[in-house]
Structures are given as C-alpha cells and as structure tokens.
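K.L.:
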C-alpha cells in the first residue's frame, strides 16, 4: 500500500514521472518506466528516477524490495522487462555488448561481498582492471596508482595479502579501491555496510563520502543501514515492494508520520 | 501422473545452452587480447599437476592388463604377442579413455567448482561490470588448456602404461626393454596412432567446455557449487564415452 506523504516530502512518482533533484547539473542516470519480473513475481514496478552529476542518491528499502535488481539493471547485469535506463545519455537496454562495456568502464560497482578475485593477491586485484583497460600504462604508473588507492583506503600494508587473509571490512575497502582505480564517474554501491560491525560500517561510510568528494563521483547507494544513509545521502528514495513510495532528504523523511517510512528511523 | 515433459524440456534447454556455450568458444578464441601467460598457467595446472595421477594410473593400467591377459595367451603359447596386444589396446583405446576419465574427475570437477564459486561470490559479475569479458578471460584459456594438454597426458599415460606392461612381463619371464618395445611398436601403425591421438583433442575440449559450462551457470548458494562439480564429472565422463563411440565408428569407416 502506498504510504501517506507529508507536505515536506516529495510525493512518490506516478506513471513513470521522473524523480530528480532540484539542481541544474546534467543527469548521469535517467530511469523511466522500468519494470522487472522474475517469473510471475514482479520485482520492480514502473520505476522512474534521475541522478545528477555529483549527486549522492541513496535507495532505501527492506530486503527483497528490489534495490539490488535496480542497480544491476543499471550496468546490464539484469535486463528490465520494460522501460529505459539512460546512463551518461545512452539507453543501456539497447546497447551492443561493446557499447555497453564502453559505459561500464565509466561506472564503478561495489558488490555486497566485495567480490575480490580470490585467486589473486590484493596487488593483482587492483592491477587487473588497469591491465585490461590501460594495456600501454607503464608498470611504474600502474604501481603508483595501486599505492595511491591503497593509501586512500588505509590498507597500504595489505598489498601482497590474499583476499582470504583480510577481514570483511578490509575486503570491502579493497573492493572499493579496485573499483575506484579506473576513476569511474558514477559509483554504484550494493549494500556496502551489510554484515559489518557498527564501527567498521561507519568507517566504510566515511570512506565512501571521502572518495566521492575527492574524485567528484556521482553515486547510487543501496542500503537499509540508516547510519550510512544519513552520512552519505544528498537525497533518498524509498523502495517498497518494487515501487518508489517516497523521496526526500534524510531530514525530510525522518519527519514523516507514515508508519512504514518511520520504521526505518526508529 | 508423473509426466516426463518438464524434465525433457529442461534437458533440451540445457543441451541447447551447452551447444551455444561451446559455439561461443570458437567466436571468442581468435579475439584479442590473447592471455598467453594465463593460458600457459592453465596448461601447467591441467598438465603438470596431473602428471603424477596419470602416471600412476597409466602404469597400473599396463601392468594389470598384462598380468590379466598373460595366462590366456600362455595357454596358446602366444606370450610373445602380449607386448603387441597391450600396445594396440593401450594406444588405441584404454590409454585415451582412462586418461580422459581421470581428467574428467580431476580437471572437470575443479573447473566446475572454481567457476561456480566465482559465480556465487559475484566475482564473475564483478569482472562483467568492470567491462572485462569473463567468458574470454575465464573459459577460453581453460578450454584451450584442456584441449592442448589432454593429448599430451594421453601420450604420457600410453608410454608409462607400456612400461608397466614391460614390468609385468618381467615378473614371469625375462625381456629387455629394447626387445619389449620392438615387439610392442611392431604391431602399431599410423592407422592406430592417428585416430587415437585426434580423438584426445575432442576429449580435452569436451572436458574443458563441460566443466566451465557447469560452473559458469551455477545459480544459488554454495550447495549448487558442489552440484556443479559433480554434474561436470558425470557429464564429461559421459561425453568421453559418446565421443569415443563416434570416433570408433568413423575410424571403422576408413578401415573398411
């Protein structure tokens, strides 16, 4: 059921109406009328939203609300049944594999588990994208970039360790470093603080914010961690059973009297 | 009433997917970048790491075959024909098939489990979203390695198998290595070696592509990784027998 919306909260979009922030920056992601079902089970229903350059959008929702499917659709890991997903102006649903990869190079994706290549050391994990996309890059430059990224995430000493020797939080940091090493213009975070203790979650959230400011990256962050959302969000959209039901800043949504929205802020 | 339709439908779909997966190999294999170092590393894993297992199996294969056939041959006073008989059996049939079956278990299951684990831990998705073609990077080099290495392992298994036969011959009688191999090779001609060698490339390709297919298409949790490894072994072993049957039929056509 659609929650009641407060005066200070933007209403949920209807019939493909696009949610967008008030800023004048050009949109990096424009989603219109996206629906996705797995068999008979609808996961996303007529989703529409925009993310503008430099903006940090948090998509909030409970488990199974379709958050992860939504960002997987944005990089072509899932194909929507209907609708358009424009990333940097290109509708990724219609792109060929090569064109899709051209877009993917400009997008970073941090997986929930970190998804480090477990047969490679941390150094090899970080150098892998560089070797694949910057073949002519000299070894010294590659090494400099690896150390710069490890400095950013505060794990300089882990350079020769295997992923299995790292803690969950460290794996996420290395995952973030590996994603940022290609200098993406858009970052997608899939529940970056899930499974971490409060302190480590806070460190990861700070790191996300620091990296966003340092490299001026737009980002979409999927989470149900309110502390992370509060720290990182410029704007929040709330997803309930595959539908966007509310949109606003953290402070605006916190004031909502809707029971379902309020349950996130308790 | 239990209807076979859903099962048959699933089997047809899977077979179709498997064929498309194998066809994709031929599209991707000539496409740069060529990961030479990675291919060599996979060849090392498939070839060198299997040498001991294949060596022991091959030795026992030749030894047992000789010991088992010796009484029957001795009853006809035809012990001198044993090296020739063993060499034909080992080189034409037993060596390639036993080696391929061992590799289905050893290499097929490893590839199924390795890629399956990469799939469930989202490593393959991570590769995909970083604009690296995971099929090209993970599957092509593995299938190339099995296709190139299994024929060499078969040659090794055949050689060790003949040596095992020589050892078995010397349990009851005395024969020099030179004499044994002269008798063994005297019975072998190009028509024995060539088809047997060619079919090993198909064995290698089948083992690699089936192992990778099962792992690459894992969905679900860690339990499905085990199932993929198991399924890779069963399907690859079955494929070895089917290819062997087809190879025998084709060879037979040319020998008429």
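Residue numbers (the working numbering), protein chains in the order written: chain A, 118 to 383; chain B, 459 to 714. Beta carbons: idealized from backbone N, C-alpha and C, even for Gly. In this text, all values refer to a predicted model and were calculated from it rather than measured experimentally.
Would you say residue 222 of chain A lies against chain B (beta-carbon separation less than 8 Å)?
P.N.:
Interface residue, yes.
K.L.:
How far does the alpha helix (DSSP H) with residue 188 of chain A in it extend, from its first residue to its last?
P.N.:
Start and end: 184-191.
K.L.:
At 7 Å on the CB atoms, spell out the chain B contacts of residue 249 of chain A, in chain order.
P.N.:
Near residue 249 of chain A (Cβ distances below 7 Å), the residues of chain B are 590.
K.L.:
Which two residues bound the contiguous alpha helix (DSSP H) that contains residue 656 of chain B?
P.N.:
Unbroken alpha helix (DSSP H) run through residue 656 of chain B: 648-674.
K.L.:
Verify whether the separation of the beta carbon atoms of residue 177 of chain A and residue 353 of chain A is less than 8 Å.
P.N.:
Going by C-beta atoms, residue 177 of chain A is nearer than 8 Å to residue 353 of chain A.
K.L.:
What residues from the region 192-206 of chain A come within 9 Å of chain B, judged by C-beta to C-beta, listed N to C?
P.N.:
Within the region 192-206 of chain A, the residues whose Cβ lies closer than 9 Å to some Cβ of chain B are 192, 193, 194, listed in chain order.
K.L.:
Going by C-alpha to C-alpha distance, which of B:652, B:616, B:498 sits closest to residue 554 of chain B?
P.N.:
Of the candidates B:652, B:616, B:498, the one whose C-alpha sits nearest the C-alpha of residue 554 of chain B is B:616.
K.L.:
Can you say whether residue 374 of chain A is buried or exposed, counting buried as having 16 or more other CB atoms within 10 angstroms of its CB?
P.N.:
Residue 374 of chain A comes out exposed.
K.L.:
Residue 712 of chain B: buried (16+ other C-beta within 10 angstroms of its C-beta) or exposed?
P.N.:
Its Cβ having fewer than 16 others within 10 Å, residue 712 of chain B is exposed.
K.L.:
Apart from the five residues on each side of it in sequence, which residues of its chain come closer than 8 Å, Cβ to Cβ, to residue 235 of chain A?
P.N.:
Closer than 8 Å at Cβ, skipping near neighbours: 279, 280, 281.
K.L.:
Who are the Cβ neighbours of residue 139 of chain A in its own chain at under 6 Å, not counting the five residues just before and after it?
P.N.:
Confidence at residue 139 of chain A is low in this model, with a pLDDT of 48, below 50, so the placement of that residue is unreliable and no value is reported for it.
K.L.:
Taking CB distances under 8 Å as the criterion, tell me whether residue 155 of chain A reaches chain B.
P.N.:
With 8 Å as the cut-off, residue 155 of chain A does not count as an interface residue toward chain B.
K.L.:
Using a Cβ-Cβ cutoff of less than 8 Å, which residues in the same chain neighbour residue 629 of chain B once the five nearest sequence positions on both sides are dropped?
P.N.:
If we look at residue 629 of chain B and ignore the five residues flanking it on each side, its Cβ neighbours are 525.
K.L.:
Can you list, in chain order, the residues of its chain with a C-beta nearer than 7 Å to that of residue 591 of chain B? Leave out the 5 residues immediately preceding and following it.
P.N.:
If we look at residue 591 of chain B and ignore the five residues flanking it on each side, it has no Cβ neighbours.
K.L.:
Are residue 344 of chain A and residue 322 of chain A touching if we call contact CB-CB under 8 Å?
P.N.:
Yes, the Cβ-Cβ distance between residue 344 of chain A and residue 322 of chain A is below 8 Å.
K.L.:
Mind checking if residue 707 of chain B is an interface residue toward chain A, Cβ cutoff 8 Å exclusive?
P.N.:
Cβ-Cβ to chain A under 8 Å: no for residue 707 of chain B.
K.L.:
Do residue 379 of chain A and residue 299 of chain A have their CB atoms nearer than 8 Å?
P.N.:
Cβ atoms of residue 379 of chain A and residue 299 of chain A: not closer than 8 Å.
K.L.:
Can you pull out the residues from the region 575-590 of chain B whose beta carbon lies closer than 7 Å to at least one beta carbon of chain A?
P.N.:
Cβ contacts with chain A come from 579, 580, 581, 583, 584, 586, 587, 588, 589, 590.
K.L.:
So is residue 335 of chain A in contact with chain B if we call contact Cβ pairs under 8 Å?
P.N.:
False, the Cβ-Cβ gap to chain B never drops below 8 Å.
K.L.:
With a cut-off of 8 Å on the beta carbons, I'd call residue 678 of chain B and residue 690 of chain B a contact; round off their distance for me.
P.N.:
16 Å between Cβ atoms; not a contact.
K.L.:
Give the straight-line distance between the Cα atoms of residue 641 of chain B and residue 676 of chain B, rounded to the nearest whole angstrom.
P.N.:
Going by the C-alpha atoms only, they are around 50 Å apart.
K.L.:
For the beta strand (DSSP E) containing residue 356 of chain A, list its first residue and its last residue.
P.N.:
Here the beta strand (DSSP E) through residue 356 of chain A covers 352-357.
K.L.:
Determine the extent of the alpha helix (DSSP H) in which residue 539 of chain B is found, giving its start and end residues.
P.N.:
Counting along the chain, residue 539 of chain B falls outside any alpha helix (DSSP H), and DSSP gives it neither H nor E.
K.L.:
Which residues of chain B have a Cβ atom closer than 7 Å to the Cβ of residue 230 of chain A, listed in chain order?
P.N.:
Near residue 230 of chain A (Cβ distances below 7 Å), the residues of chain B are 579, 580.
K.L.:
Give me the residue from A:167, A:149, A:174, A:170 with the minimum Cα distance to residue 367 of chain A.
P.N.:
Considering only alpha carbons, the answer is A:174.
K.L.:
Under a three-way DSSP split, which group does residue 204 of chain A fall into?
P.N.:
If DSSP states are grouped into helix, strand and coil, residue 204 of chain A belongs with the strands.
K.L.:
Just the Cα atoms here: how many angstroms apart are residue 603 of chain B and residue 701 of chain B?
P.N.:
Rounded to the nearest angstrom, the two C-alpha atoms are 19 Å apart.
K.L.:
Is the CB of residue 309 of chain A under 8 Å away from at least one CB in chain E?
P.N.:
Looking for chain E here will not work: the only protein chains present are A and B.
K.L.:
Closer than 7 Å by beta-carbon distance: list the chain B residues that pair up with residue 218 of chain A, in chain order.
P.N.:
Ordered by position in chain B, the residues that pass the 7 Å Cβ test against residue 218 of chain A are 589.
K.L.:
Any C-beta of chain B sitting closer than 8 Å to the C-beta of residue 226 of chain A?
P.N.:
Chain B contact via Cβ: present.
K.L.:
Tell me the start and end of each unbroken alpha helix (DSSP H) in the region 481-538 of chain B that is at least 4 residues and wholly inside, in chain order.
P.N.:
Counting only runs of 4 or more, we get 494-504, 509-533.
K.L.:
What does residue 234 of chain A touch in chain B if you count any residue whose Cβ is under 7 Å from its own?
P.N.:
Going along chain B in sequence order, the residues near residue 234 of chain A (Cβ under 7 Å) are 581.
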